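Counting from -5, one number per residue, gives the positions in the sequence shown under the working numbering.
In this text, a Cβ means the ideal position worked out from N, Cα and C, and glycines have one as well.
Predicted model only: the values in this text are computed from it and were never measured.
Structure first, commentary second.
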Amino acid sequence: MGHMLFGSIAMVLFWGALILVIVLLVRWLGEGRSPFGGPRRKSAIDILEERFARGEIDQEEFEERRRLLSE
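This is the structure in C-alpha cells:
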C-alpha cells in the first residue's frame, strides 16, 4: 500500500512540474514577456525609434541621438 501512495505523489509532482514548465514557456514565447516578470525592457534605440515614429523628434535629432547611442 505504501508504494501506491508514493506513486500517486510522484505522479502529482510530475504533472505539476510539467504544467509549470509549459506555462512558463508559453509566457516566455508570447507577447514579449519574460517568464518571471512584466514586459521586457525596451532598449534605448527602441524608445528612440518609437519617438521618431510618433513625430516627437525630427530626423536630424533622431540620427544624432542614434549616433550617440551606437558609440
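- Shown here, glutamate 58 sits in a helix according to DSSP, grouped into three states.
- Straight-line spacing of the CA atoms in lysine 36 and glutamate 54 works out to 22 Å.
- According to the DSSP assignment, isoleucine 41 belongs to the alpha helix (DSSP H) that extends over 38 to 48.
- In this structure, the beta-carbon distance from leucine 63 to alanine 47 does not fall below 7 Å.
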